[in-house]
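Data block below; observations after.
Residue numbers (full-length UniProt numbering): 1 to 258.
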């Protein structure tokens, strides 16, 4: 059992990993409160049941989770179980929070620095008992994508951290198809858009193109709305920036914390 311990406010990013884990390992093998605890269930009883079956405990570390008594109880119980049973505790840092002292001796995954895709790969490698080595320094990216929830979908905010990016052409890569999602630029009278099936070779996913007429400038981010058109969950595989005529660079994705 894979147990995902997190605070509700961090769901926009945690759910992306939960959905991918569900695709790979099956829903019955992933304890994620949105589908593991149903109306009428005892929350503590269900959590204890999940912890009893747990083999891989992912603790999503953020300002929100460190201030949550419920989450604190979960990861402290996981530490006790890891000492007594064959339970692997894997912290995942979501923001700039300092890791609790008791967890500093545990190697953690750093989504805040490395981005969603890199951490997802590392997490799957941990579960599959593969070597998680990657280059020690993450590739620099001036552009960062913040993901936050909306009542009907997801908001993607693409921010230039240091300097202007003159070309604001982006692809939102998803496992959904055109009938399941609508992707639009926000607060833009004129922009280019398009849809491409199987956009990247070797990756099963469809691309929504959004081309802004203006540059992406620090403190003036580009915003993209991803809206559900069906009951199927939205699964964002990545956001890509056009850096040359036929070249697209994946951008690090971070949770919108707080």
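Where is the CB? At the ideal position from N, CA and C, for every residue including glycine.
- Using CA coordinates, which residue listed in 188, 211, 39, 157 is at the minimum distance from residue 252? 157
- Item | Where residue 310 falls: helix, strand or coil (DSSP) | With the chain running from 1 to 258 in the structure shown, residue 310 is simply not present.
- Item | Cα-Cα separation between residue 227 and residue 209, rounded to whole angstroms | 15 angstroms
- Task: Express the C-alpha separation of residue 40 and residue 115 in angstroms, rounding to a whole number.
- Result: 36 angstroms
- Query: Per the contact definition of three or more C-beta pairs closer than 8 angstroms, is the region 233-243 in contact with the region 11-21?
  - Reply: yes
- Near residue 177, which residues of its chain fall below 7 angstroms by C-beta distance, leaving aside the five closest residues on each side in sequence? 206
- Item | Helix, strand or coil at residue 10 [DSSP, three-state] | helix
- Give the DSSP bridge partners of residue 174, in chain order. 206, 236
- Query: Does the distance from the CB of residue 171 to the CB of residue 199 come in under 9 angstroms?
  - Reply: yes
- Count the other CB atoms, across all protein chains shown, that sit within 10 Å of the CB of residue 32; report buried if there are 16 or more and exposed otherwise. buried
- Which of the three DSSP states, helix, strand or coil, is assigned to residue 121? helix
- Task: Classify residue 200 as helix, strand or coil using the three-state DSSP reduction.
- Result: coil
- Apart from the five residues just before and just after residue 25, which ones in its own chain have a Cβ nearer than 8 angstroms to its Cβ? 2, 127
- residue 225 - DSSP class collapsed to helix/strand/coil: strand
- Query: When we look at the beta-carbon of residue 95 and count the other beta-carbons within 10 Å, is it buried (16 or more) or exposed?
  - Reply: buried
- Three-state class that DSSP yields for residue 25 in the structure shown: helix
- Beta-carbon separation of residue 148 and residue 161 under 9 angstroms? no
- Message: Between 63, 71, 108, 89, which has its C-alpha nearest residue 54's C-alpha?
- Response: 89
- Which residue or residues does DSSP assign as beta-bridge partners of residue 220? 217
- Query: Which whole-angstrom value is the C-beta distance of residue 57 and residue 92, which I expect to be below 8 angstroms?
  - Reply: Not confirmed; about 11 angstroms, so no contact.
- Query: Which term fits residue 107, buried or exposed, when burial requires 16 or more other beta carbons within 10 angstroms of its beta carbon?
  - Reply: exposed
- Beta bridge counterpart(s) of residue 59 as assigned by DSSP: 5, 91
- Item | Contact set for residue 196: own chain, Cβ-Cβ below 6 angstroms, skip 5 residues either direction | 207
- Which of helix, strand or coil does DSSP assign to residue 45? helix
- Straight-line gap, residue 16 to residue 190 (C-alpha atoms, nearest Å): 30 angstroms
- Query: Is the CB-CB distance between residue 213 and residue 179 below 9 angstroms?
  - Reply: no
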